[in-house]
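Each remark here refers to the structure printed beneath this line.
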Amino acid sequence: MCGGALKARGGGYLRGLLLIDTCNLMGYKSLTNMTGRKPTHPGEVLYEDVLKPLNISITEAAKDLEVSRKTLSEIVNGKCSITPEMAIRLGYATNTTPESWLNMQIKFDLWRIRNQKDIHVVKFREFATP
1242 MCGGALKARG
1252 GGYLRGLLLI
1262 DTCNLMGYKS
1272 LTNMTGRKPT
1282 HPGEVLYEDV
1292 LKPLNISITE
1302 AAKDLEVSRK
1312 TLSEIVNGKC
1322 SITPEMAIRL
1332 GYATNTTPES
1342 WLNMQIKFDL
1352 WRIRNQKDIH
1362 VVKFREFATP
């Protein structure tokens, strides 16, 4: 059972956690105008806002999520991205949506790429400003 152990420890553990508003991320403008501070990696959110308060070890959480300890450790340490499959597992285990975890990952990835790479792209002529 993916989330049984997590739910047995206290229920409303994500009560104060504000996950990314999916509606704001759906618009093209919100995805292209991402400036400001570096977004928090979803692995850090998982560790700081879920595992730590519930006193759940990485090993125990990995067992509950039915993934390897190494995989979960890499996610928690920001070395690995959240995949759609992992988002489903996390959503179930934390009583949140997979979309909230994926949106955090997308926001993090877009910020990282925009701030690490100088991307040069020529607009297609149909979208170029006259």
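If you want this note's numbering, it's the position in the sequence shown, counting the first as 1, plus 1241. Ideal placement from N, C-alpha and C gives every residue a C-beta, glycine not left out.
Neighbour-count burial assignment, residue i, 16 or more Cβ in a 10 Å radius
i, result
"I1323", "buried"
"G1277", "exposed"
"D1305", "buried"
"N1356", "exposed"
"T1370", "exposed"
"K1207", "This structure cannot settle anything about residue 1207, because the visible part of the chain is limited to 1242 through 1371."
"T1300", "exposed"
"V1291", "buried"
"K1293", "exposed"
"H1282", "buried"
"R1330", "buried"
"I1360", "exposed"
"S1271", "Only weak support exists for where S1271 lies, its pLDDT of 42 falling under 50; the coordinates are left without a value."
"I1297", "buried"
Cβ pair residue i, residue j closer than 8 Å
i, j, result
"P1352", "K1279", "For the sequence presented, residue 1352 should be read as Trp rather than Pro. The answer is yes: Cβ separation under 8 Å."
"M1327", "V1286", "no"
"C1321", "T1335", "no"
Beta-carbon separation (whole angstroms), residue i vs residue j, contact threshold 8 Å
i, j, result
"Y1288", "V1317", "5 Å"
"G1319", "G1284", "5 Å"
| query | Which full runs of the alpha helix (DSSP H) of 4+ residues lie inside the stretch 1324-1350, going along the chain? | reply | 1325-1335
| request: Starting from the N-terminal side, write out each stretch of the alpha helix (DSSP H) that is 4 residues or longer and does not extend beyond the stretch 1295-1319. | output: 1299-1306, 1310-1317
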